[in-house]
Amino acid sequence: MFGERKRRMINKRLTRTAYAKINLALAILGRRPDGYHVLESVMQTVSLHDDVEISLEGTGLVCQCGDLSGPRNLAYQAAESFQKRLGYADGVTIRIVKRIPVQAGLAGGSSDAAAVLNGLNQLYGTPCTMSQLREMSVALGSDVAFFLQGGTAWISGSGEGYDRLPDAPPLDVVIVQPDRGVHTGQAYRVFDQVSGGRQALDALAWQQALRTQDSKRIAELLSNDLEAASIRLVPQIAGIKQDLLEAGCLGSLMSGSGSAVFGIAPSSAAAEVLSKEMTRKGYRAWQATTVQ
């Protein structure tokens, strides 16, 4: 518990941008006794985003997000956790304009939840430190802690470890989603069945590539231990990845547990053309850039 907090309301409403993430690298190192996997990842926020409006109004807790409205939404659970931990009982209304697709490995729900934690903390005059917000985030989901600060980061443990890395260079990316999503739990179950040897990421190589702003080297280092497992579930992933590489992307990779695939385009113009081309092929596609 955080102890007694002086309740100080600064404002009654604000809107925060909840960015998507891509995994530039993801390694699964093992499995803990509680069933959670131990991982290392280089995560990066990108400009594809949801808008999250938080207001202190009405009574009770309301989360409006289309078909994803209500208590099952992670943003709702984040607000509930914040209010309970600090002993606040004000009405909270959350309205989310959703753009980040679900079951895509882009962690839109986790980003929305982090936006709510940061937003409520701001509305109440920052009663919580970042460390305390991180403590709350761990119980909500493995990616929520990353989104509290975002940027370019080395993620470890089961997602709760966050270490800032040198900022990635400005990257133009194309994000493409197949017809079907991938349920994270299912991807990990298939991974456990088919995975061979496990190898940690090369932290020094990643730091050097980021510090020197070497986009080509970053593209060479792209890796995702879950990709082969998710391709078994959604074979389109492999075809999209090949399409992006053949169209001139410096590198391409499935993000997280999928099913979305991103490609690092050589320029903004190339990313725009490629996004339109993938849309013409019948996929959902977005042009995005890295965000720090």
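So the mapping is simple: this note's numbering equals the position in the sequence shown, first residue as 1, plus 858. A virtual CB, placed ideally from N, CA and C, is assigned to each residue, including glycine. Just so it is clear, the structure is predicted and the values come from calculations on it, not from any experiment.
{"Query": "Grouping DSSP H, G and I as helix and E and B as strand, with all else coil, what is D925?", "Result": "helix"}
{"Query": "Can you say whether I1088 is buried or exposed, counting buried as having 16 or more other CB atoms within 10 angstroms of its CB?", "Result": "Residue 1088 is actually Ser in this sequence, not Ile. When all chains shown are included, S1088 counts as buried."}
{"Query": "State yes or no: is the beta carbon of S1110 nearer than 9 Å to at least one beta carbon in chain D?", "Result": "The displayed structure is made up of one protein chain only, and chain D is not part of it."}
{"Query": "When you compare each of A937, E1135, L1080 to V920 by their alpha carbons, which one comes out closest?", "Result": "A937"}
{"Query": "Under DSSP, the alpha helix (DSSP H) around A947 begins and ends at which residues?", "Result": "It is not in any alpha helix (DSSP H) - A947 carries neither H nor E in the DSSP assignment."}
{"Query": "Can you give me the C-alpha to C-alpha distance between D1030 and S1125, rounded to a whole angstrom?", "Result": "6 Å"}
{"Query": "Can you round the beta-carbon distance between A965 and A1045 to whole angstroms, since I take them to be within the 8 Å contact cut?", "Result": "The Cβ separation is near 14 Å, so there is no contact."}
{"Query": "Checking 9 Å against the spacing of the C-beta atoms, do S969 and Y894 come in under that value?", "Result": "no"}
{"Query": "Can you grab the Cα-Cα spacing for the pair M994 / G945, in whole Å?", "Result": "14 Å"}
{"Query": "For the beta strand (DSSP E) that contains A1011, what are its first and last residues?", "Result": "1010-1015"}
{"Query": "Using only the alpha-carbon positions, how far apart do E1130 and P1093 sit?", "Result": "25 Å"}
{"Query": "Between S913 and R943, is the Cβ-Cβ spacing less than 9 Å?", "Result": "no"}
{"Query": "Shortest alpha-carbon distance to N869 belongs to which of L887, D925, G983?", "Result": "G983"}
{"Query": "Thinking just about the alpha-carbon of each residue, which of G1121, G977, Q902, D892 is nearest to the one in E911?", "Result": "G977"}
{"Query": "Is it buried or exposed, R930, if we count other Cβ atoms within 10 angstroms and call 16 or more buried?", "Result": "exposed"}
{"Query": "With H, G and I counted as helix, E and B as strand and the rest as coil, what does DSSP make of E1018?", "Result": "coil"}
{"Query": "Buried or exposed for A1077, going by 16 or more other Cβ atoms inside 10 Å?", "Result": "buried"}
{"Query": "Please report the residue range of the beta strand (DSSP E) in which T1162 lies.", "Result": "Absent from the model: residue 1162. The displayed extent of the chain is 859 to 1150, so no value can be given."}
{"Query": "Where does the unbroken beta strand (DSSP E) through D892 begin, and where does it stop?", "Result": "Counting along the chain, D892 falls outside any beta strand (DSSP E), and DSSP gives it neither H nor E."}
{"Query": "Find the nearest neighbour of D1025 within the set H907, A1067, Q1145, judged by alpha-carbon distance.", "Result": "A1067"}
{"Query": "Considering G1121, what are the terminal residues of the beta strand (DSSP E) in which it resides?", "Result": "1119-1123"}
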